[in-house]
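Novice:
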Amino acid sequence: MSEEDFSKRLQRIEKKIDFLLRMLEDLLSIRRGVDLKPTPVDTNSKASVKVYLLRLPDSLRRTMLVMERLGEATTVDVAR
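Below, the structure is given as structure tokens:
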């Protein structure tokens with residue numbers, strides 16, 4: 165590889181690095197402007213609990229439903 169080819173490659177690499185740095189700076193400035201406060205959720209709502217249950221694996225969903233019905237239970241009670 166000649167010195168001229170090497171120099172051109174280095175220039176292309178530098179341009180790509182500069183481009184990536186600008187993109188990263190833009191992304192970070194956007195993220196700083198975003199307000200990441202959690203959205204308040206009505207915990208008394210049965211609908212929100214049901215939506216949450218849909219995201220759980222089957223075994224945990226069954227456990228949650230049993231606990232809702234029983235209120236308090238031991239692992240043996242839940243297993244029945």
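The numbering used here applies: residue 165 is where the sequence shown begins, and numbers increase by one. By construction, the Cβ of each residue, glycine as well, lies at the ideal position given by its N, Cα and C atoms.
Measuring only the C-alpha atoms, how far is residue 174 from residue 187?
Specialist: Residue 174 sits at position 10 when you count from the first residue of the sequence shown. Residue 187 sits at position 23 when you count from the first residue of the sequence shown. Answer to the nearest angstrom: the Cα atoms are 20 Å apart.
Novice: Are residue 225 and residue 234 touching if we call contact CB-CB under 8 Å?
Specialist: On the sequence shown, position 61 is the one that residue 225 refers to. On the sequence shown, position 70 is the one that residue 234 refers to. No. Outside cutoff.
Novice: Please report how far the alpha carbon of residue 220 lies from the alpha carbon of residue 192, in whole angstroms.
Specialist: Taking the first residue of the sequence shown as 1, we reach residue 220 at position 56. Taking the first residue of the sequence shown as 1, we reach residue 192 at position 28. Using only the alpha carbons, I get a separation of about 33 Å.
Novice: By how many angstroms is the C-alpha of residue 179 removed from the C-alpha of residue 166?
Specialist: Locating residue 166 in the sequence shown gives position 2, counting from the first residue. Locating residue 179 in the sequence shown gives position 15, counting from the first residue. Residue 166 and residue 179: Cα-Cα distance of roughly 20 Å.
Novice: Note down, in chain order, each residue of its chain lying with its Cβ closer than 8 Å to the Cβ of residue 239, except the 5 sequence neighbours on either side.
Specialist: Within the sequence shown, numbered from 1, the residue matching residue 239 stands at position 75. Correct list: empty, nothing qualifies.
Novice: Measure how close the beta-carbons of residue 231 and residue 237 come, nearest whole angstrom, since I'm counting them as under 8 Å.
Specialist: Indexing the sequence shown from 1 puts residue 231 at position 67. Indexing the sequence shown from 1 puts residue 237 at position 73. About 6 Å; that satisfies the 8 Å criterion.
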